[in-house]
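Q: First the structure, which I've put down as structure tokens, then a few questions once you've had a look.
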Amino acid sequence: MSLLAGLRSPMQITTVLALSAAVSIGCGAVRNPALESARDVYQTARQDPTVVRYAAAALDRAEQTLQQADRLWTKENDVFEVEHLAYIVEKRVEIARVTAQRRLAAEEIQTRSPR
3 MSLLAGLRSP MQITTVLALS AAVSIGCGAV RNPALESARD VYQTARQDPT
53 VVRYAAAALD RAEQTLQQAD RLWTKENDVF EVEHLAYIVE KRVEIARVTA
103 QRRLAAEEIQ TRSPR
């Protein structure tokens with residue numbers, strides 16, 4: 003017996019159909035927590051002037067991977083691949099941070115050393 007068969011009034015049927023439509027629309031906007039975390043990590047790094055100045059190329063690679071993960075999630079909802087790419091984004095951001103710190107330290111050493 004279907005759900006609609008138990009409903010008696012047009013108002014009940016309309017309500018059930020409206021709720022069903024709302025639920026299915028809401029499911030289309032499901033977010034992937036790993037992707038959201040990667041996006042947050044990337045945005046935080048993008049706001050760090052040291053990372054932007056000294057590791058722009060590494061940060062760009064992280065952004066490209068994040069965009070790839072976004073596209074994959076939007077088109078295919080491939081949880082495993084998106085989580086894998088999100089992990090890579092976070093690692094690339096970490097590499098960008100370490101690269102920036104290393105380059106900043108090298109620059110400071112050069113400016114302090116006598117010539």
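With the first letter of the sequence shown counted as 1, position 59 gets the number 61 in my numbering; the numbers rise by one all the way through.
Idealized CB from N, CA, C, for every residue including glycine.
Keep in mind the model is a prediction, meaning the values are calculated, not measured.
1. Cα separation between Ala-57 and Arg-73?
2. Mapping the DSSP letters down to three states, classify Ser-39 as helix, strand or coil.
3. Can you grab the Cα-Cα spacing for the pair Ala-108 / Arg-99, in whole Å?
4. Here's the rule: buried if 16 or more other CB atoms are within 10 angstroms of the residue's CB, otherwise exposed. What is Asn-34?
5. Counting C-beta neighbours from all protein chains within 10 Å, is the total for Ala-60 16 or more, i.e. buried, or is it exposed?
6. CB-CB under 6 Å to Glu-85, same chain, minus the five flanking residues each way: which ones, in chain order?
A: Working from what's here:
1. Here residue 57 corresponds to residue number 55 of the sequence shown, with the count starting at 1. Here residue 73 corresponds to residue number 71 of the sequence shown, with the count starting at 1. Taking C-alpha positions only, Ala-57 is separated from Arg-73 by approximately 25 Å.
2. Mapped onto the sequence shown, residue 39 falls at position 37. Looking at Ser-39 - three-state DSSP - the assignment turns out to be helix.
3. Counting from 1 along the sequence shown, the entry for residue 108 is found at position 106. Counting from 1 along the sequence shown, the entry for residue 99 is found at position 97. Taking the straight line from one Cα to the other gives about 14 Å.
4. Within the sequence shown, residue 34 is the residue found at index 32, counting from 1. It counts as buried.
5. Looking up residue 60 in the sequence shown gives position 58. In this structure Ala-60 is buried. Its beta-carbon is surrounded by 16 or more other beta-carbon atoms within 10 angstroms.
6. Position 83 of the sequence shown, counting from 1, holds the residue named residue 85. Taken in chain order, the residues that qualify are Ala-36.
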